[in-house]
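Colleague: In my numbering, the protein residues as written are 518 to 993.
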């Protein structure tokens with residue numbers, strides 16, 4: 518059987534493992550690149566490559582005509598989605614002979630659409646499960662094949678629940694393959710209406726909200742605790758991650774907080790790190806600052822609290838950082854009007870504006886002529902070719918640049934030779950260029966970095982002495 522499997526983590530690996538136990542299955546894997554998988558997931562990409570399987574990495578839009586054509590060439594009997602059903606459109610659903618099947622956590626016993634495992638923890642659910650169902654025209658609208666329940670314990674975290682679900686999915690996958698092999702095919706059970714499950718109190722951007730009951734704070738922390746990203750807030754402008762908490766009973770609640778303490782108020786009492794919620798109190802058992810994880814008592818020793826300190830959801834405005842944008846273009850109405858004028862002319866290829874630009878640029882540069890191309894990479898490549906650079910030649914350039922500088926040299930058939938930079942300007946150092954010159958050196962390719970020009974007088978002098986061409990990369 519020819520099967521396409523789409524996924525990225527442990528649950529998808531378990532499904533693929535079952536598929537590979539039958540040597541008659543031919544599998545095509547669609548997954549994310551290795552560096553795109555969550556750090557707490559096991560990588561389907563890595564697993565598949567180690568098995569020598571055919572893998573399509575991150576197609577972006579799997580409903581794109583090019584990807585649809587690729588799937589049609591593979592001619593699958595079945596497409597199996599593991600937690601990825603919301604990306605399917607009608608054209609892809611029509612491709613497999615037996616249809617598209619999705620595997621996804623869902624609240625049970627009554628099927629109510631997808632319920633991501635972190636969300637069910639945040640909402641305090643005590644049971645979830647996994648559903649195998651067909652994918653029809655919309656998310657979670659297809660007939661159910663079968664479901665199995667998954668109890669949630671108070672000790673479960675988002676990570677542990679994902680691992681438990683992945684284990685359950687492996688057992689269900691074996692049952693699914695048995696059903697697939699039966700002459701009558703896969704069973705279908707109509708849904709009695711679908712209600713997509715959305716958590717009402719899930720945290721946004723992992724901010725800790727203290728204006729909720731203590732039990733809700735506890736659920737958010739355990740849902741997102743390590744190795745997941747974790748919940749956090751700010752104390753005295755410092756970002757603090759909270760990894761483990763305990764809910765205090767009424768008898769354990771501190772009495773020194775006053776009549777009506779505000780949510781988020783922090784207290785240090787008997788070596789315990791306490792925070793007010795609404796209603797209730799929680800004790801922070803484990804917290805982290807700057808990547809360091811420590812107990813609540815150690816936190817208090819290293820970061821003593823002042824009376825009235827509050828665990829803020831967001832940092833005060835005064836602590837926000839202002840950044841200098843990198844590479845932000847300066848586009849005004851003049852540029853916008855030129856683009857609109859070009860589009861309205863319906864002439865968007867090489868035309869009179871291109872020729873006018875080349876003429877004016879040549880005049881500005883003091884050159885007899887100029888040629889415009891689609892990118893700096895193309896300009897560098899052509900400049901190398903017209904300078905006679907080719908196989909066997911060397912071109913000296915800087916390592917402090919975008920890869921395209923060296924790529925253009927390699928594309929011309931030559932070898933890039935790196936000369937070190939001046940630490941004050943970050944530009945290539947003329948003295949280092951001279952050290953790298955050999956009889957094979959055909960050109961020098963300096964890069965003006967960050968708007969600071971290279972020492973071109975020195976570079977021109979050494980180039981003239983040694984008879985090499987200069988090609989300037991001014992893209993930066």
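Ideal Cβ placement from N, Cα and C applies to all residues, glycine included.
(1) Grouping DSSP H, G and I as helix and E and B as strand, with all else coil, what is residue 619?
(2) Which term fits residue 886, buried or exposed, when burial requires 16 or more other beta carbons within 10 angstroms of its beta carbon?
(3) Can you tell me whether DSSP reads residue 973 as helix, strand or coil?
(4) Would DSSP call residue 625 helix, strand or coil?
(5) Can you tell me which residues form a DSSP beta bridge with residue 990?
(6) Quick check: residue 747 and residue 757, are their CB atoms within less than 8 Å of each other?
(7) Could you tell me how far apart the beta carbons of residue 573 and residue 547 are, in whole angstroms, since I believe they sit closer than 8 Å?
(8) Identify whether residue 663 lies in helix, strand or coil by the three-state DSSP scheme.
(9) Is there contact between the stretch 917 to 931 and the stretch 962 to 971, where contact requires at least three CB pairs shorter than 8 Å?
(10) So, for residue 743: in the same chain, excluding its five sequence neighbours on each side, which residues have a beta-carbon less than 7 Å away from its beta-carbon?
(11) Would you grab the beta carbon distance between residue 732 and residue 764 for me? Rounded to a whole angstrom, and I think it's under 8 Å.
(12) Looking only at DSSP bridge pairs, what is residue 810 linked to?
(13) Quick test of your reading: residue 533 and residue 522, contact by CB under 8 Å. State the CB separation rounded to the nearest angstrom.
(14) With DSSP collapsed to three states, give me the class of residue 553.
(15) Which partner residues of residue 783 appear in the DSSP bridge assignment?
(16) Here's the rule I'm using: 16 or more other beta-carbon atoms within 10 Å means buried, otherwise exposed. How should residue 864 be labelled?
(17) Out of 984, 971 and 978, state which residue places its alpha-carbon closest to the alpha-carbon of residue 990.
(18) Can you check the stretch 870 to 942 for any alpha helix (DSSP H) of at least 4 residues that lies completely inside it and give the ranges in chain order?
(19) For residue 949, which three-state DSSP category applies?
(20) Between 784, 599, 819 and 901, which lies nearest to residue 687 when the distance is taken from Cα to Cα?
(21) Please state whether the Cβ-Cβ distance between residue 975 and residue 947 is less than 8 Å.
Modeller: The answer reads as follows:
(1) strand
(2) exposed
(3) The DSSP-derived three-state label of residue 973 is helix.
(4) coil
(5) 964
(6) no
(7) 5 Å
(8) strand
(9) yes
(10) Within the same chain, 760 come within 7 Å of residue 743 by CB-CB distance, once the 5 residues on both sides are set aside.
(11) 6 Å
(12) 805
(13) 6 Å
(14) Note that residue 553 has pLDDT 49, beneath the 50 cutoff, so the model's placement of it is unreliable and the number below is only indicative. Residue state for residue 553 is assigned as helix, using DSSP reduced to three classes.
(15) 792
(16) exposed
(17) The option with the nearest alpha carbon to residue 990 is 971.
(18) Entirely contained in the stretch 870 to 942, the alpha helix (DSSP H) runs reaching 4 residues are, in chain order, 893 to 903 and 920 to 928.
(19) Here residue 949 sits in helix by DSSP.
(20) 599
(21) yes
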